[in-house]
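Visitor:
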Amino acid sequence: MDFSWDLLINAIIAGALLGGFYASVAIGVTIAFGMLDIVNIAHPAFMIVGAYLAYAGWDSFGMNPFVSMAVFAPLGFVFGRAFYRAYNFFFERRGDESIQGLAFFFGILFIVEIGVVLISGVDYRSIDAPFLGSTFGIGFVSVPWRMMVPFLVGLGMLGCIHLYLSRTFTGRTILAVSQDVEAVRLIGADPIRAKEVAFGIAVASAIIAGVLLIMIQPVEPSIGREYIGRAFAICVLGGITSLPGTLLASLILGVAETLTTTFFGPSWSPAVSFGLLLLTLAFRPSGIFGR
Amino acid sequence: MSSRADSVPELRQPLPLSVRLRSGVAILLTGAALMAATMLLGTQVSEYYYLAAYTILQFVVLGTAWNILGGYGGYVNFGTAGFFAIGCYTTIVMDKIFSMPLFFDMLAAAATAGLVGFGMGYLTLRLRGVFFSIATLALTIVLQTLIVNWSFVGGARGVYVLRPEVSGIFVSYVQLLVALMVGLAIFAVLAAWAVEKSWIGIGLAAIRDDETAAETCGVPSLRLKLIATTMSGALMGMAGSLFPYYVTYVDPATAFSLAIAVNSIAMPLVGGTAAWWGPVVGAVLLGSAQQILTVTISSAANLFIVGVLLVLFLTAAPSGVVGIVRGWKRRRK
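Chains as they are written, first to last, in this note's numbering: chain P, 1 to 291; chain Z, 1 to 333.
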């Protein structure tokens, strides 16, 4: 495709907006994988569930996507806590989390994906809320609301979680668990409970990300797989436990993907995140913000 | 309290050669019986049974290959579909450039997939096991993107492969494929058995239990993991190399199907990862169950059931059928 500055600047801005959305997907992985050491590769599957819940709410009750977030995210939180309890009971407690735990999450990913296919088919689903259809422009840069809203929500979510982790007692316990579980026990806090709450937050964030996803584009069940690579690439590139790293890596990935799509065509974009992941793992496994 | 000399655990005497080779002989005999059945039944039974047998044997190979690295070494490979597809597309490229007997396609596929396994292992096996797992997921998607954009092998549209004429002792091409797959399955199981009983398997088990401790004791962990990854990748590639002639139409979505990855993880884990016969039992159990379910219900439902079985076994019987049988034997003693 021909090169032009307009195109480049538009692509960079669109990429940054996309990056904000990616941050909302990756934050759950940063919490579960980075802080709790739970390799939740089923995270994107929970996101797909969120997208389909939003679709179901919209389709049957005309539910605004923001209402969907408010209704389903708390459900996700409760489910996540119960899910972590089960995971802890069957795997962590036995010390089996390496092979068995990984395969377990892979099985969950698969069950959720096929379950969604069995319930609602393989058709693309979308919601067309009126506020998402319009576009506003600044100069020659045009910004569609359907990208702007997820960007803002993603950033807001990141900010809230950052505040929660740094200001509240439970939040700080979660950060402490990521550093030394034994030390947390010694100061009298309950690491299992902290992990439970954190995993609940991670699942709730996946549900919200799913609602954002269906605002951006039509969704079908297997789309979640592409996000495994994106979320883990961001998490690893960002230094695994670091929230600012997650944000920066999300923006880098969003811009890199949009540039690839603009100048080489959309069929190459899935390889960007995975290529980035492989390169990071091979050359700088501790990430940009890694210690 | 006994004297100090008594408390030193007695070294286990090596078993006599006849006992050690018993499993290998059993594998060879089973293989010979299967091969004889394939050749003798010929046109006697409906071709459907051949197709079903092919699928189950393919999963015996994939499950066994996965288990060499995943079960013995504890490194989870999510990219079976990637290695399988490398085998597939190697055959397609070979078929387009020069037509050669199928056996050479298999060798080329083994070489390509083994090389990719080695390169990938070299880059990521020095990190924690989890990173290797995520990288294998990544590898699959990168490869799929490459194939989708490579029009020489059909790109996203897929490609048709013509089966050559069969000659000699074979009645049909499907029979030839099943015979080759029987041979490959025997080869894979023998290889896994040999690894398990040799110093490679013992070293891998030490890595699985505690990698740092193993390295401290002088186990060359990177070299062992690379051997296992290369072997495992090569076997997966060989399983894939026959696939184009089996289906005669290949597109990226089938070659890189998630079902391949899930099945080749589910089968060893359901069967049990500790012994060479675990993946075989798992593949035969899950493979036949899937054949029956595909015919009676639907193919989406059968994959769903594989996922549910995997999760059920992981939670309720984490050492699979092997664990159940061993526990039962121990209780009888």
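Here a beta-carbon is modelled for each residue, glycine too, at the ideal position from N, C-alpha and C.
For F118 of chain Z, which residues from the same chain have a beta carbon less than 8 Å from its beta carbon, with the 5 sequence-adjacent residues on both sides left out?
Guide: L226, T229, T230 and G233
Visitor: I'd like to know whether the C-beta atoms of A194 of chain P and V177 of chain P end up nearer to each other than 8 Å.
Guide: yes
Visitor: According to DSSP, simplified to helix, strand and coil, what is S142 of chain P?
Guide: strand
Visitor: Relative to the C-alpha of P268 of chain Z, which residue among Z:F304, Z:T248, Z:L314 and Z:V45 is closest?
Guide: Z:L314
Visitor: Tell me, please, which residues DSSP counts as bridged to Y160 of chain Z.
Guide: Answer is Z:Y249, bridged to Y160 of chain Z.
Visitor: Could you compute how far the alpha carbon of S241 of chain Z sits from the alpha carbon of S60 of chain P?
Guide: Distance from the CA of S241 of chain Z to the CA of S60 of chain P, rounded to the nearest whole angstrom, comes to 48 Å.
Visitor: L258 of chain Z and R225 of chain P: beta carbons closer than 8 Å?
Guide: yes
Visitor: Apart from the five residues on each side of it in sequence, which residues of its chain come closer than 6 Å, Cβ to Cβ, to I207 of chain P?
Guide: G50, F72, A73 and G76
Visitor: Any beta-carbon of chain P closer than 8 Å to the one on A300 of chain Z?
Guide: yes
Visitor: Measure from the alpha carbon of A357 of chain Z to the alpha carbon of each residue in Z:S99, Z:Y245 and Z:V195, then state which is nearest.
Guide: No answer is possible for residue 357 of chain Z: the residues shown for chain Z start at 1 and end at 333.
Visitor: Please list the residues of the stretch 257 to 287 of chain Z that have a C-beta atom closer than 9 Å to any C-beta atom in chain P, keeping them in chain order.
Guide: L258, A259, A261, V262, I265, A266, L269 and T273
Visitor: Taking CB distances under 8 Å as the criterion, tell me whether Q100 of chain P reaches chain Z.
Guide: yes
Visitor: Does any CB atom of chain P fall closer than 8 Å to the CB of G307 of chain Z?
Guide: Cβ-Cβ to chain P under 8 Å: yes for G307 of chain Z.
Visitor: So if DSSP puts V219 of chain P in a beta bridge, which residue, or which two residues, is it bridged to?
Guide: P:R125
Visitor: Using a C-beta cutoff of 8 Å, does I161 of chain P count as contacting chain Z?
Guide: No, because no Cβ of chain Z sits closer than 8 Å to the Cβ of I161 of chain P.
Visitor: For L125 of chain Z, which residues in the same chain have their Cβ closer than 8 Å to its Cβ, ignoring the five residues on either side in sequence?
Guide: Y75, F132, L222, K225, L226 and T229
Visitor: Do A53 of chain Z and V178 of chain Z come within 8 Å of each other at the CB atom, strictly closer than that value?
Guide: yes
Visitor: For D6 of chain P, does the count of other Cβ atoms within 10 angstroms reach 16, so buried, or fall short, so exposed?
Guide: exposed
Visitor: Tell me the rounded alpha-carbon separation between A103 of chain P and I265 of chain Z.
Guide: 7 Å
Visitor: To the nearest angstrom, how far is it from the Cα of L57 of chain Z to the Cα of A283 of chain Z?
Guide: 8 Å
Visitor: Here's a check: name, in chain order, each residue in its chain whose Cβ is nearer than 6 Å to the Cβ of A110 of chain Z, leaving out the five neighbours to either side.
Guide: A234, G237 and M238
Visitor: One question on the structure: do G80 of chain P and V203 of chain P come within less than 8 Å of each other, judged by their Cβ atoms?
Guide: yes
Visitor: Classify Y160 of chain Z as buried or exposed, calling it buried when 16 or more other Cβ atoms lie within 10 Å of its own Cβ.
Guide: exposed
Visitor: Could you give the first and the last residue of the continuous alpha helix (DSSP H) run that contains E92 of chain P?
Guide: The continuous stretches of alpha helix (DSSP H) do not include E92 of chain P, and DSSP gives it neither H nor E.
Visitor: Using three-state DSSP, classify A5 of chain Z as helix, strand or coil.
Guide: Summary for A5 of chain Z: the model assigns pLDDT 47, below 50, so the residue's position carries little reliability, and this model does not support an answer.
Visitor: Given a threshold of 16 other Cβ atoms within 10 Å of its Cβ, counted over all protein chains shown, does F59 of chain Z qualify as buried or as exposed?
Guide: buried
Visitor: Given a cut-off of 8 Å on the beta-carbon distance, is the pair L137 of chain Z and G79 of chain Z in contact?
Guide: yes
Visitor: Label D128 of chain P either buried or exposed according to how many other C-beta atoms from any shown protein chain fall within 10 Å of its C-beta, with 16 as the threshold for buried.
Guide: exposed
Visitor: Counting only beta-carbon separations shorter than 8 Å, does L123 of chain Z have a partner in chain P?
Guide: yes
Visitor: Go ahead and label F243 of chain Z buried or exposed: buried means 16 or more other beta carbons lie within 10 angstroms of its beta carbon, across all protein chains shown.
Guide: buried
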